[in-house]
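Student: Yeah, the sequence shown ends on 89 if you go by the UniProt record's numbering, and it's all consecutive. Every residue gets a Cβ at the ideal spot worked out from N, C-alpha and C, and that includes glycine. In this text, all values refer to a predicted model and were calculated from it rather than measured experimentally.
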Amino acid sequence: MKTRKIPLRKCTGCGEMKDKREMVRIVRDSEGNYSLDFTGKKPGRGAYICKQIECLNQAEKNKGLERSFKTNVGKEIYNDLRNEFKANE
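What follows is the structure, encoded as structure tokens:
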């Protein structure tokens, strides 16, 4: 029997490769709104981040989301994501 391949994703904050199910997806939809996707099924361009607030802070510091989405991500968007992150812990 063939073993299933585990999908790996790279955290935009710390840069570690981890199992896709151990991470949170940040989604930018067609209107340019950002949100956290815990199911991995929301439509839009996605970037992955570890389930730790420190990785979100690191992504802000090293402009990880800007690289992933190829656009500027403002400080207020990071604050909104932080609040959403804390509400879903």
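In terms of alpha-carbon separation, which member of TYR48, LEU36 and GLY44 lies closest to GLU16?
Tutor: Within the sequence shown, the letter at position 16 stands for residue 16. Of the candidates TYR48, LEU36 and GLY44, the one whose C-alpha sits nearest the C-alpha of GLU16 is TYR48.
Student: Within the same chain, show all residues whose beta-carbon is closer than 8 Å to that of LYS42, passing over the 5 residues directly before and after it, in chain order.
Tutor: As a first step, residue 42 is located in the sequence shown; it is residue number 42 there, counting from the start. Cβ within range, chain order: ARG25, VAL27, ASP29 and SER35.
Student: Opposite ASP80 in the DSSP bridges: which residues?
Tutor: Position 80 of the sequence shown, counted from the first residue, corresponds to residue 80. Partner(s): none; ASP80 has no beta bridge.
Student: Span of the beta strand (DSSP E) holding ILE49?
Tutor: Residue mapping note: residue 49 aligns to position 49 of the sequence shown, counting from 1. Where ILE49 is concerned, the enclosing beta strand (DSSP E) stretches over 45-50.
Student: How far does the alpha helix (DSSP H) with LYS18 in it extend, from its first residue to its last?
Tutor: The sequence position of residue 18 within the sequence shown is 18, counting from 1. It is not in any alpha helix (DSSP H) - LYS18 instead sits in the beta strand (DSSP E) that spans 17-19.
Student: With DSSP run on the structure shown, which of helix, strand or coil describes ARG9?
Tutor: One-based indexing of the sequence shown puts residue 9 at position 9. Correct three-state label for ARG9: strand.
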